[in-house]
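Read through the structure below, which is laid out as structure tokens, and then see the notes.
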Amino acid sequence: MFLTPQDMENKDKIEAIIPRIGMVYSMLMQGRNKELSRIQRITSLFLFDNICDQKVFDRLQTVGVCLSYERSLQIVEMIGGHFNDKVVQLVKDNTRFRIIGDNINWTVGVHDQRINNKQKMMHAFGSAVIVQNLTFTNLDRVVPQQLYSQTPVQNFIPSEEDYNLITTDYIILMSRVVFEHIPYFKKFSDIVPINISTPCSPNLKKKSEVIPLPVLFKNEQYYQDVVGILDFYEKCLKDAHDKAGKQLHDQTYQIGGDQLTRERFSGAKSLRAHHLNPSDKFTHLSPITFELFHMLMSYLKMSLNLTYKQESGQDIGTLKSLQDRLSRKNIGDNVNDHYEANKDFLFLLQTCTLWSVSWSFCTVEMIVKQHVFLQTITTGAKQQMLEVDGQVFRLVLANGKTITLMKKTISKSKKGDQISNYGNQILQLGLLFKDLIDMIHMPERVRGIRLLKLAMMYFKVYNNLSKYALEILRLLVHQLCTLSEKGSNEEFYAMFVNTGGKFETHIPADRRMEYLVKEVKQHVKHMYSNKTEENISNRTRAISGIREISVNFDQQSGVIIRKKKTFRQII
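Those letters in the sequence shown? Residues 1 to 571, per UniProt numbering, in order.
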């Protein structure tokens, strides 16, 4: 019925029609008994996963493909009740995990706006559990590694060896640009390593699992709400250990977020420091770290403030001049909203500068180093071309003898080569930015520490009160002093999420959280007038289960996964 006699012997075609046969039988079974609707339930979850309109549910339900929208909401609520099951399993398996959070803000409009009836800004807080694939049981657990009060300050700034290794990184990064844009040098690409970082473990290429937690209607701008968020984290950990039949004891789990979230978490923990109960004083929530994606945005903002000026459009070679020539938009405005555009544009100018420098170096023999007079030039013309560096005058001595003296002109200090300084600044800022991104793609702790030391110095020089300079110093104290060798490695590698199942497909943890926040906002937007706190919490706590069911169906039925963006476009 489904295949022609010629196709009955084709195994691939037979396997391809199995999902269709299953769908037909499911519609017949539901028509006989409404409780036999497992396929329709799964189809309804697909629609939720792709955030379809309510009208799609209404139309497909009439032909028996899915459940009604109201019945589907009950299924979602049922799935959301098991959001903590994965965390319980992680505790049973003694698998490490961390928690990351970020604020979720959206605007609720009104039909008729008046003085006493205006649109509102809603504030909530989203969280997620990130499973750690690396274990460091073989490393030392002695705490602390060294007393930070007795640690020399030189340990927190780049050493000469660090500068040499960073220079090697820069050479590799510049070589990639040269190989791409100057065909002659492609034959030397074999001698340059493909990756700068060295993987610390084969498990580094394992794809990370992210488990969303329910959205809390808490505002991180208020400490009383932040205390409630940390109470929720402690409750989740305690419930997971109780269900797993284990004691929480003195185990700690890393938490964090962007710079503001980290600061609020630390402040809320300080407010509870006087409590006697370990859960009340949030003892199990440690260490608290900032995340790297927001640091990259702050670094990019600093770089543009130093190199991008609105009034420099007439100066050829500047960022503003290149922007006008290429008709680029959203450059230098709001880096937080236009991060990708600003990052790509800075890399473009850096590539142009590197290409120009490389080409000049290759053709250095063609450059005239000394001025040579033409053979036909006259003596008078030569005199005019000579640089006068003093005043010649004749002096008659007492004996009547005349001598000629030269009164030297006081030389003024020459201004520096502003064009060369600007190009060097672009290269230095851009290469460190590119080196940080390359390190994030394939994390390596030792390399990351030396790059963060240099970035801290850049932040501090730019602004003596830089928050990220302090955040990096705080992280370095964790890595080099207060935490054990095992704990410092766990803290560092927990700041990254592997999204592609390869060594070089890591992104910062807060970047992954940004994607989750965007997904939550899409779900909230399509709830229409049903946006109560309870409904939003039920929907968001089921996101992980809905996605897992959808992915499993795609694998079982051979659904084509269409790629919308490459990995390099989303970092």
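Virtual Cβ for every residue (Gly too), placed ideally from N, Cα, C.
Span of the alpha helix (DSSP H), counted from its first residue to its last, around residue i
i	result
valine 226	223-244
arginine 98	Element bounds for arginine 98: not the alpha helix (DSSP H) but the beta strand (DSSP E), 97-108.
histidine 441	418-441
proline 183	That residue, proline 183, is in no alpha helix (DSSP H); it is neither H nor E in DSSP.
leucine 451	445-462
serine 544	543-557
glutamine 89	85-92
glutamate 504	No alpha helix (DSSP H) contains glutamate 504, which DSSP labels as neither H nor E.
glutamate 485	485-493
isoleucine 14	11-32
leucine 470	467-477
leucine 480	Element bounds for leucine 480: n/a, residue is neither H nor E.
leucine 45	38-49
arginine 59	54-62
CA nearest to the CA of residue i, picked from the options
i	options	result
leucine 470	Met295, Gln145, Glu220	Met295
glutamate 70	Asp85, Arg547, Ser44, Val153	Ser44
lysine 453	Lys434, Met439, Leu476, Asp435	Leu476
arginine 511	Gly256, Met8, Ser197, Tyr222	Gly256
aspartate 53	Ile42, Asn552, Phe185, Tyr528	Tyr528
asparagine 155	Glu485, Glu519, Leu480, Phe553	Leu480
asparagine 94	Phe232, Leu319, Gln247, Glu180	Gln247
lysine 92	Asn421, Glu9, Thr505, Lys238	Lys238
leucine 429	Gln113, Asp225, Leu354	Leu354
asparagine 421	Gly317, Asp554, Ile507, Met439	Gly317
glutamine 350	Ile426, Ile507, Leu405	Ile426
leucine 47	His523, Ile561, Asn535, Ser488	His523
aspartate 231	His241, Lys269, Asp242	Lys269
valine 520	Arg539, Asn330, His274	Arg539
valine 56	Ile543, His526, Tyr148	His526
arginine 541	Leu216, His249, Arg272	Leu216
cysteine 352	Thr283, Arg272, Glu180	Glu180
lysine 243	Gln150, Ile229, Asp225, Val88	Val88
Boundaries (first-last residue) of the beta strand (DSSP E) holding residue i
i	result
tyrosine 253	253-257
valine 131	120-131
asparagine 498	496-498
valine 210	210-212
histidine 523	Here histidine 523 belongs to no beta strand (DSSP E); instead the alpha helix (DSSP H) covers 509-525.
leucine 67	First-last for leucine 67: undefined, no H or E at that position.
phenylalanine 136	First-last for phenylalanine 136: undefined, no H or E at that position.
threonine 289	285-290
Sequence-distant residues of its chain with Cβ nearer than 8 Å to residue i (five each side left out)
i	result
phenylalanine 459	Ser298, Tyr299, Met302, Ser466, Tyr468, Ala469, Ile472
lysine 206	Asn133, Asn498, Gly501
serine 321	Ser312, Gly313, Gln314, Asp315
valine 178	Phe185, Leu354, Trp355, Ser358
threonine 107	Gln119, Lys120, Met121, Met122
threonine 378	none
methionine 8	Ile14
tyrosine 170	Leu431, Asp435
Proximal residues to residue i (C-beta, below 7 Å), its chain only, five neighbours per side dropped
i	result
arginine 450	Pro158, Asp162, Leu165, Ile166
alanine 30	Checking the displayed sequence, the identity of residue 30 turns out to be glutamine instead of alanine. Same-chain partners within the cutoff: Leu36, Ser37, Gln40, Gly64.
serine 201	Leu134
histidine 506	Ile440, His441, Met442, Pro443, Phe496, Val497, Asn498
glycine 423	Thr353
Whole-angstrom C-beta distance between residue j and residue i, which should lie under 8 Å
i	j	result
glutamine 119	glycine 126	Going by Cβ atoms, the distance from glutamine 119 to glycine 126 rounds to 22 Å, so no, they are not a contact pair.
leucine 134	leucine 90	Contact doesn't hold; Cβ gap of about 14 Å is too wide.
glutamine 132	arginine 96	4 Å
aspartate 258	glutamate 291	6 Å
arginine 176	glutamate 220	Actually they do not touch by this definition, with Cβ atoms about 40 Å apart.
serine 279	glutamate 234	5 Å
aspartate 58	isoleucine 546	In fact, because the Cβ distance is near 20 Å, the residues do not count as touching under 8 Å.
lysine 434	leucine 173	5 Å
isoleucine 104	valine 517	5 Å
glutamate 444	threonine 198	6 Å
arginine 98	glutamine 254	4 Å
serine 544	phenylalanine 83	6 Å
methionine 456	isoleucine 100	Actually they are not in contact, since the Cβ atoms of methionine 456 and isoleucine 100 sit about 22 Å apart, beyond 8 Å.
Check: residue i C-beta below 6 Å from any heavy atom of the ligand SAM
i	result
glutamine 479	This structure lacks the ligand SAM, and indeed carries no ligand of any kind.
Same chain, Cβ closer than 6 Å to residue i, neighbours up to 5 away in sequence not counted
i	result
glycine 332	Leu304, Tyr308
lysine 86	Ile211
serine 72	Ser44
proline 183	none
phenylalanine 553	none
glutamate 504	His441, Met442
isoleucine 42	none
glutamine 569	With a pLDDT of only 46 at glutamine 569, under 50, the local geometry of the prediction cannot be trusted, and the value read off the model is given with reservation. Nothing listed; no residue qualifies.
arginine 394	Thr402, Thr404
- Message: If we require 4 or more residues per run, which alpha helix (DSSP H) segments fall completely within the segment 303-327?
- Response: For the segment 303-327, whole alpha helix (DSSP H) runs of length 4 or above, ordered along the chain, are 319-326.
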